[in-house]
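Asks:
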Amino acid sequence: MGKGYYISKHLATAAMVLAAIALVTIIALSVVYNREKSKNAAKFTNATTSPVTPTPKTSNEPWDKYRLPDTLSPEYYNVTLWPRLVKNVNGMYIFTGISGVMFTCVKKTDLILIHSNKLNLTLFKGHHAKLMGQSGVTAPAIKTTWFQTEKQYLVIQLEGKLKPGKSYWLYTEFTGELADDLEGFYRSEYMEDGEKKIIAITQMQATYARKAFPCFDEPGMKAVFHITLIHDLETTALSNSQEIKNVIIDETAVTRTIFGPTKKMSTYLVAFVVSDFKYISAKDKKGVRIWARKKAIEDGQGDYALKITQPILEFFEKYYNTSYPLSKSDQIALPDFNSGAMENWGLVTYRETALLYDPRTSANGNKQRIATVVSHELAHMWFGNLVTLKWWNDLWLNEGFASYVEYLGADYAEPNWNMKDQTILYDLQRAFAVDSLTSSHPLSQKKEEVNTPSEISEIQKSSPNMRCSKHCKTLRNCSFSLLNQAVDQTPGVKLPYSVHEIMNRWILQMGFPVITVDTRTGNVSQKHFLLEPDAVVDRKSEYKYVVKHHHFSKNEWVLANLHVSGYFRVNYDLGNWERLLSQLKSDHQVIPVVNRAQILDDAFNLARASIINITLALRTTKYLLHEREYIPWEAALRNLNYFFQLFDRSEVYGAMQAYLKKQVKPLFEYFGIISSNWTTVASGHTDQFTQIIALSLACSTGVEGCRELTRSWFKKWMQNPHNNTIHPNLRSTVYCDAIAAGGTEEWNFGWQMFQKATVAAEAVKLRSALACTKVPWLLNRYLEYTMNPEKIRKQDATSTIGYIASNIIGQPLAWDFVRANWDYFFKLYGTGSFTFSRLISDVTYRFCTPFELSQLKRFQKDNAETGFGSGTQALQQAIEKTTAKIKWLAENKEPVLQWFLSESA
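Every letter in the sequence shown is one number past the one before it in the UniProt record's numbering, and letter 26, counting from 1, is 26.
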């Protein structure tokens with residue numbers, strides 16, 4: 001066994017500094033919490049009969065800017081809404097509402113701008129609102145009201161000035177469509193016991209509260225909300241706060257549910273639901289309830305979420321050193337929901353797959369996802385909801401922090417799952433993937449760069465991927481001086497530089513460094529890491545990269561970034577690489593498991609960036625013959641999947657398949673032994689994930705006996721559809737393999753089972769597997785289904801196209817389909833949905849030829865007028881990635897082919 005030298009501590013003055021920030025963050029958060037706590041104690045269009053005032057494009061008028069002026073500050077809202085869950089005489093689902101907002105004038109003004117989108121407002125004496133003064137103040141008369149549709153404002157111009165320090169009441173009445181567009185106040189439909197059910201639900205983030213009621217719809221415009229919902233007697237109404245009164249309205253079949261005032265909060269956190277759902281609850285002081293469809297609750301699908309919610313809340317109370325700030329914690333699983341989940345304060349909304357778990361049909365991975373998503377959303381109850389960003393350019397702070405601590409909360413609830421190490425896969429390496437492109441951006445962008453709903457949506461998409469790790473947790477909405485103050489008051493914490501100097505290097509410049517350790521000279525240097533080293537970086541950094549000197553033993557291997565505690569890649573001199581490879585071959589367990597994953601991921605990405613030879617990266621996979629841990633195997637497969645996408649249409653593919661077959665065969669045989677010939681699953685949590693990899697890769701590479709197993713299991717299910725004996729962990733692999741090998745009969749059976757599925761996790765497995773077929777006309781028909789909500793829900797349309805695009809036969813079909821229907825998809829998803837950018841990434845992921853690059857650029861040109869909305873950055877990234885692949889293939893295809901041929905012989 002060779003000796004090694006771990007140099008994480010030697011490398012990291014920066015790492016030590018940033019680790020100290022973690023402690024500082026919690027202290028600062030507690031300070032801000034206490035301050036906030038003290039404060040808290042105290043198809044419709046905008047309809048108008050008035051002419052819309054035209055303004056020139058170069059106008060500097062307030063209503064032609066996306067940001068509200070700083071002249072008014074809301075204090076509280078009174079909102080009453082009545083959703084109609086049956087169609088009206090015009091065949092539409094609608095809601096009616098009244099809303100009043102009390103606001104204080106901060107600066108003298110004769111203008112009120114308030115957001116309103118797709119609401120028909122009632123006219124009062126020719127105006128769309130009423131204005132009244134408070135506490136004896138006389139409000140100026142309204143001169144005119146009109147809509148600025150592009151910026152989504154109701155513009156109210158006054159005869160006189162509002163007075164600073166005085167309060168006013170603005171009142172509106174309105175009607176809106178309860179559409180199925182997944183935005184604002186919308187409807188969801190589902191079938192239960194053969195009956196179509198309609199529910200009314202909300203998704204306000206980021207700019208959709210204005211679609212439910214007129215409001216000052218910016219995150220910094222916090223206020224208290226008094227919500228009242230009118231609804232049918234057989235339904236239940238929920239909102240952020242606890243209900244305080246239910247009143248049956250005389251001579252009607254409706255109830256008025258009045259909710260207590262909320263905490264002071266942002267409009268994007270407002271939520272309400274009207275449904276006939278049922279709930280289960282915990283006997284605790286936090287009022288934890290899990291809501292879902294009646295059958296889902298009766299079948300126990302909410303039990304796991306209920307089990308983990310209480311310990312996760314307890315963990316965060318200790319972590320933040322602050323009690324849970326609300327009197328209840330409702331969590332609800334929704335049939336139609338565009339996001340994975342939404343942290344509405346006191347009423348967290350989820351996709352069914354993110355909250356409901358059925359041990360009979362849900363896989364181990366489904367269970368882990370529920371734990372991490374629930375933990376993520378509950379983390380926001382303090383960080384994000386109580387302490388909130390002022391504007392969307394700092395959303396990275398909100399989501400990045402929650403994306404890190406979700407693993408801590410899940411680890412507390414499930415201490416045997418090794419959740420903290422999995423952050424390397426699901427957080428760090430995913431962040432690296434997008435942050436290594438020139439189209440990346442700093443964590444915190446300039447405010448003027450994030451204005452439109454599409455720009456905000458792009459920030460929403462990228463923020464969870466930005467690693468706000470234990471080294472990068474800070475509260476930028478607090479001042480850096482507050483953080484410095486916290487450092488000064490913390491015993492034992494001494495920083496070599498100010499917090500301002502340290503953090504600006506992480507949040508105000510894009511990308512991350514690659515650290516090069518030269519064990520021959522002792523030099524340790526760093527530079528900006530880019531997958532395309534010759535690319536031009538538009539955002540030049542003002543910060544300098546440093547070079548330091550260390551002394552190393554030339555006879556021992558050196559491993560930098562021990563336990564992957566820093567946000568950087570690591571390269572070495574060739575001699576040290578050879579020593580690390582030798583150690584992996586002789587006894588890989590000497591190297592920590594997360595560092596084995598790091599070595600694999602760093603090597604492949606360094607090779608893609610032409611920093612090291614590709615054959616050196618490929619050699620890091622040779623030791624996998626002996627690897628049994630999940631994290632290194634998953635890291636390897638993610639990088640090899642990139643090779644699959646590059647080479648599955650070339651002669652390299654056969655040699656690569658032969659090599660991988662040889663590498664995975666011992667793993668497949670290992671699990672065959674410990675699972676009694678695949679009749680059981682592994683006992684360890686991550687071992688179950690490794691078992692899935694063994695089956696999936698063995699079948700895809702043709703390991704003897706694998707495909708015979710999966711296809712016999714599927715055939716047995718087809719013969720007895722009411723008794724599916726395939727283990728939930730293995731179903732995704734089995735379904736895909738069997739449908740890919742079969743024809744119309746297998747596909748139609750899968751489709752029938754998908755339609756009958758009552759557990760969302762099972763439906764996702766089937767929906768994904770249906771895209772595995774090799775029959776083109778079935779794939780084309782499946783693509784058409786994505787435009788029919790009766791067959792594929794709108795929330796699932798873009799991911800279904802992505803599944804089809806991952807199929808080598810389906811990829812060109814999906815690309816042609818998206819181009820042909822671009823206007824449809826852009827109208828439905830392009831202006832605000834964060835899934836839209838994923839659609840562009842998915843259908844272009846395989847692109848690696850000059851012809852495909854020309855198609856991309858032509859697509860960009862042809863649709864310039866329609867635009868790309870929240871997919872703008874994704875399209876630019878696709879062009880950048882394709883350009884890099886073309887160059888890389890020209891230089892590396894032949895050596896890759898020769899290496900695989902030699903190793904698979």
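Even glycine gets a Cβ: it sits at the ideal position worked out from N, Cα and C.
Give the DSSP-derived three-state secondary structure of E317 in the structure shown.
Replies: helix
Asks: If we call anything under 7 angstroms between Cβ atoms a contact, is I94 one with R84?
Replies: Yes, these two residues count as a Cβ contact at 7 angstroms.
Asks: Taking the alpha-carbon positions, what's the E556 to R608 distance?
Replies: 27 angstroms
Asks: With distance defined between alpha-carbon atoms, name the residue in T388, A379, G302 and I312 nearest to L356.
Replies: With distances taken between Cα atoms, L356 lies closest to G302.
Asks: Among the candidates D573, P164, L154 and G160, whose CA atom is the shortest distance from the CA of F174?
Replies: L154
Asks: Look at the alpha carbon of P513 and the alpha carbon of N484, and state the distance between them as a whole number of angstroms.
Replies: Straight-line Cα distance between these residues: approximately 26 angstroms.
Asks: Using only alpha-carbon positions, find the residue among K827, L397 and W63 that is nearest to G867.
Replies: K827
Asks: Please identify the residue among R256, T621, P721 and Y670 whose C-alpha is closest to the C-alpha of R638.
Replies: T621
Asks: Using the DSSP secondary-structure output, state which residues sit across from C736 in a beta bridge.
Replies: Here C736 is not bridged, per DSSP, to any residue.
Asks: Using C-beta distances below 8 angstroms, list every residue in its chain close to S30, excluding the 5 sequence neighbours before and after it, in chain order.
Replies: Residue placement at S30 cannot be trusted, given a pLDDT of 38 that sits under 50; what the coordinates show is reported in the next sentence. Setting aside the 5 residues that flank it on each side, S30 is surrounded in the same chain by Y320, N321 and T322, each with a C-beta closer than 8 angstroms to its C-beta; the list follows chain order.
Asks: DSSP on G194, reduced to helix/strand/coil?
Replies: coil
Asks: Within the continuous beta strand (DSSP E) that includes A694, where are the two ends?
Replies: Note, A694: premise wrong, no beta strand (DSSP E); alpha helix (DSSP H) at H685 to T701.
Asks: Pull up the CB-CB distance for V593 and I631, whole angstroms please, since I reckon it's below 8 angstroms.
Replies: Contact flag correct, Cβ pair sits at about 6 angstroms.
Asks: So M132 is in the beta strand (DSSP E); what residue range does that whole segment cover?
Replies: K130 to G133
Asks: By how many angstroms is the C-alpha of E891 removed from the C-alpha of D358?
Replies: 49 angstroms
Asks: Between which residues of its own chain and G743 is the CB-CB distance below 7 angstroms, once the five residues before and five after are set aside?
Replies: These residues qualify, in order along the chain: V775.
Asks: Ordered along the chain, which non-local residues of its own chain (more than five positions away) have a Cβ less than 7 angstroms from that of T615?
Replies: P895 and W899
Asks: Here's a check: name, in chain order, each residue in its chain whose Cβ is nearer than 7 angstroms to the Cβ of F316, leaving out the five neighbours to either side.
Replies: L378, A379, W382 and G409
Asks: What first and last residue would you give for the alpha helix (DSSP H) that runs through W63?
Replies: Counting along the chain, W63 falls outside any alpha helix (DSSP H), and DSSP gives it neither H nor E.
Asks: Rank Q598, C848 and N385 by C-alpha distance to the C-alpha of S266 and give the top, closest one.
Replies: N385
Asks: What residue from F749, Y653 and R649 has the CA that sits closest to F847's CA?
Replies: R649
Asks: Could you give the DSSP three-state label for S806: helix, strand or coil?
Replies: coil
Asks: Could you check whether F225 and Y324 sit closer than 7 angstroms to each other, using their CB atoms as the reference points?
Replies: No, Cβ-Cβ distance for Y324 and F225 is not below 7 angstroms.
Asks: How about I227 and S275: are their beta carbons less than 7 angstroms apart?
Replies: no
Asks: If you run the structure through DSSP and keep just helix, strand and coil, what is A609?
Replies: coil
Asks: Is the CB-CB distance between A694 and F714 below 7 angstroms?
Replies: no
Asks: What do you reckon, are the CB atoms on R767 and F754 nearer than 7 angstroms?
Replies: yes
Asks: Is DSSP giving E903 helix, strand or coil here?
Replies: helix
Asks: State buried or exposed for S241, treating a residue as buried only when at least 16 other CB atoms are found within 10 Å of its CB.
Replies: buried
Asks: Taking the alpha carbon of A253 as the reference point, which residue from L531, H231 and F259 has its own alpha carbon closest?
Replies: H231
Asks: Just reading off the alpha helix (DSSP H) that S582 is part of, what are its end residues?
Replies: L574 to D587
Asks: Does DSSP put E501 in a helix, a strand or coil?
Replies: helix
Asks: Rounded to the nearest angstrom, what separates K665 and A698 at their Cα positions?
Replies: The straight-line gap from Cα to Cα measures roughly 7 angstroms.
Asks: Assess contact between the segment 128 to 138 and the segment 56 to 73, defined as three or more Cβ pairs (one per stretch) separated by less than 8 angstroms. Is contact present?
Replies: no
Asks: Report the CB separation of C736 from A769 in whole angstroms; it is logged as a contact under 8 angstroms.
Replies: 4 angstroms
Asks: Can you check which of these residues, E762, K130 and Q152, is closest to P453 by C-alpha distance?
Replies: Of the candidates E762, K130 and Q152, the one whose C-alpha sits nearest the C-alpha of P453 is Q152.
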